[in-house]
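Per the numbering used here, the sequence shown starts with residue 1, numbered consecutively. See below for the structure under consideration.
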Amino acid sequence: MTPILLPERIVQVLRVICPILNDGQVEWAVSGSLALALHGLPVVPKDIDLQTDRVGAEQVARLLVEYLVYPPGMHLGVRLVRSYLAQFKIHDIVVETMGNLEFQSPDGRWKPAPDFRHKRTTVDYLGLCIPVVSLEFLLAFYAQLQRPGRVALIEARLKTTAGEG
């Protein structure tokens with residue numbers, strides 16, 4: 001696997017949030033581009049996305065209140081995605097907490113995204129214990145966002161890891 005090298009600004013923010021969120025009160029995991037990077041894929045994250053549920057989004061908002069920009073509330077995202085979202089700014093990095101992520105199907109109905117806790121892993125990075133969503137979760141997420149480049153990247157990694165097993 002390729003060595004993981006995260007931007008220093010991202011590491012600084014992880015040094016703030018990991019000790020606070022890893023106390024056992026909140027079910028959470030890193031998602032988005034940071035999760036791809038922590039899985040060893042060649043992606044440079046510019047922000048931090050956290051996956052949780054609605055209760056978790058509320059808990060994170062309380063724990064990180066000094067950094068809160070947008071309080072938790074239902075948010076309709078881009079490309080048929082919605083979540084109970086809260087936004088923070090820590091050291092000029094945007095951190096978004098997405099609770100109860102849902103995808104809209106072609107018939108217009110909303111359905112829950114795959115459970116972010118399923119096959120979640122923990123990455124030890126520079127002494128930080130970082131929970132990370134699975135590649136399978138990320139595949140479903142980027143397919144819903146219609147990001148074919150990311151989907152192809154994840155599918156290639158999943159094929160490689162399946163060949164190793």
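Beta carbons are placed, not taken as given, at the ideal position from N, Cα and C, and that holds for glycine. Remember, it's a predicted structure, so these values are computed and weren't measured experimentally.
Legend entry - Residues bridged to Val95 [DSSP beta-bridge criterion]: For Val95, which the question treats as bridged, DSSP gives the partners Ile48, Phe88.
Inset, instruction - Counting only the same chain and skipping the five closest in sequence on each side, list residues whose C-beta sits under 6 Å from that of Leu139. - result: Within the same chain, Ile154 come within 6 Å of Leu139 by CB-CB distance, once the 5 residues on both sides are set aside.
Inset, instruction - Go through the segment 56-84 residue by residue and report every complete run of the beta strand (DSSP E) that reaches 3 residues or more, in order. - result: Inside the segment 56-84, DSSP marks whole beta strand (DSSP E) runs of 3 or more residues at positions 68-76, from first to last along the chain.
Legend entry - Pro19, enclosing beta strand (DSSP E) - first and last residue: Pro19 -> not in any beta strand (DSSP E); alpha helix (DSSP H) instead, spanning 8-21.
Legend entry - Opening and closing residue of the beta strand (DSSP E) in which Leu128 lies: In the DSSP annotation of this structure, the continuous segment of the beta strand (DSSP E) that includes Leu128 starts and ends at 128-132.
Inset, instruction - Would you verify that the beta carbon of Ser33 is, or is not, closer than 8 Å to some beta carbon of chain D? - result: Looking at the structure shown, chain D is missing, and only one protein chain is on hand.
Inset, instruction - Find out if the Cβ-Cβ distance for the pair Val43, Pro131 is shorter than 8 Å. - result: No, Cβ-Cβ distance for Val43 and Pro131 is not below 8 Å.
Inset, instruction - Go ahead and label Ile10 buried or exposed: buried means 16 or more other beta carbons lie within 10 angstroms of its beta carbon, across all protein chains shown. - result: Ile10 is buried by the Cβ-count criterion.
Legend entry - Whole-angstrom C-beta distance between Gln144 and Leu41, which should lie under 8 Å: Wrong, their Cβ atoms sit about 18 Å apart, outside the cutoff.
Inset, instruction - Could you check the C-alpha separation between His91 and Val13 for me, to the nearest Å? - result: Rounded to the nearest whole angstrom, the C-alpha separation of His91 and Val13 is 7 Å.
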